[in-house]
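*Asks:*
Residue numbers (our numbering): 6 to 267.
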């Protein structure tokens, strides 16, 4: 299994912010689609998706739940797995970037009801965390929200901290300010796929143009999501280890700019 840098994990986290359920409140997200289409709360699926993308499919979280090659979808599963492996750290004040943090918002620090990825060390009793299936602000559900975001958490909410031996700290990841990925058009917040009648707008044309630049020579640049676009999107998703569903959402959109051309 390959070694990963903390920074490589955080860059993928940054690229997967603002992933919104469609429709809101439905627990239907890109993370659900990544994780075999399983419905329901998706914070664990989001963490699994991040490590899968950062490792290019050779995830250190593979088979956390023995039933799932892609990782885990139930937060207590990773606690049990990490305890067995000896990956739990006891001094939570020593949280490092890319540690996996389980949260208990009741304050009891005894349960694992939510999970995220630390984005910084602890400072003044707080640390930055990347999370899916939460709310962007302090209001709203913290463990069953409808978006992925980066937010400050107090040390008292951390019930378990998991440090994977495959993650190497590289100095750059210690800062709460994570360098953004290369500049590219932001995902428009809409899922595109084959419909009848065909969907047409400029965002589709932007995506098609980028795919053409990547070498997908038969990609039409019409601004219409036609059957050719649909089939090429599925082929691209399969190539990049994404769920090959023909839907251009946040993950596929970002991959068109962030992943290596092969």
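Where is the CB? At the ideal position from N, CA and C, for every residue including glycine.
The structure displayed is predicted, hence computed values, not measured ones.
Please report the distance separating the alpha-carbon of residue 172 from that of residue 226.
*Replies:* Cα to Cα, residue 172 sits roughly 40 Å from residue 226.
*Asks:* What are the complete beta strand (DSSP E) segments, minimum 3 residues, inside the segment 50 to 128?
*Replies:* Qualifying beta strand (DSSP E) stretches, in chain order: 105 to 108, 119 to 123.
*Asks:* Are the CB atoms of residue 83 and residue 106 within a distance shorter than 8 Å?
*Replies:* Taking 8 Å as the Cβ cut-off, residue 106 and residue 83 do not qualify as a contacting pair.
*Asks:* Cα separation between residue 185 and residue 191?
*Replies:* Because the pLDDT of residue 185 is 45, which lies under 50, any placement of that residue in the model is unreliable, and the number read from its coordinates should be weighed accordingly. C-alpha separation (whole angstroms): 12 Å.
*Asks:* State the start and end residues of the unbroken alpha helix (DSSP H) segment that holds residue 13.
*Replies:* Element bounds for residue 13: 11 to 20.
*Asks:* Roughly how many angstroms lie between the CA atoms of residue 57 and residue 213, to the nearest whole one?
*Replies:* Distance between the alpha carbons of residue 57 and residue 213 is about 25 Å.
*Asks:* Got a sec? Which residues, its chain only, sit under 6 Å from residue 198 by beta carbon, not counting five neighbours each side?
*Replies:* Excluding positions up to five away in sequence, the list reads 251, 252.
*Asks:* Ignore the nearest five residues each way along the sequence and tell me which others in residue 5's own chain have a CB closer than 6 Å to its CB.
*Replies:* Residue 5 lies beyond the residue range present for the chain, which begins at 6 and ends at 267; the question has no answer from this structure.
*Asks:* Should residue 238 go down as buried or exposed, given a rule of 16 or more other Cβ atoms within 10 Å for buried?
*Replies:* It counts as buried.
*Asks:* Suppose the cutoff is 6 Å on Cβ atoms and the five residues either side in sequence are ignored; what does the same chain contact list for residue 205 look like?
*Replies:* The answer, listed in chain order, is 228, 229.
*Asks:* Starting from the C-beta of residue 26, find all residues in its chain whose C-beta is less than 6 Å away, skip the five residues before and the five after it, and write them out in chain order.
*Replies:* Within the same chain, residue 26 has close Cβ partners 33, 34, 151.
*Asks:* Indicate the three-state DSSP secondary structure (helix, strand or coil) for residue 265 in the structure shown.
*Replies:* In this structure, residue 265 counts as coil in the three-state DSSP scheme.
*Asks:* Looking at the structure shown, is residue 209 part of a helix, part of a strand, or coil, going by DSSP?
*Replies:* Here residue 209 sits in helix by DSSP.
*Asks:* Alpha carbon to alpha carbon, how far is residue 129 from residue 179? Give it in angstroms, no decimals.
*Replies:* Here residue 179 scores only 35 on pLDDT, less than 50, and its place in the model is too uncertain to base an answer on.
*Asks:* Nearest-angstrom Cα distance between residue 81 and residue 16?
*Replies:* Cα to Cα, residue 81 sits roughly 26 Å from residue 16.
*Asks:* Looking at residue 142: is its Cβ nearer than 8 Å to the Cβ of residue 24?
*Replies:* Contact: no.
*Asks:* With a CB to CB cut of under 6 Å and the five nearest residues on each side skipped, what residues in its chain are close to residue 163?
*Replies:* Excluding positions up to five away in sequence, the list reads 97, 106.
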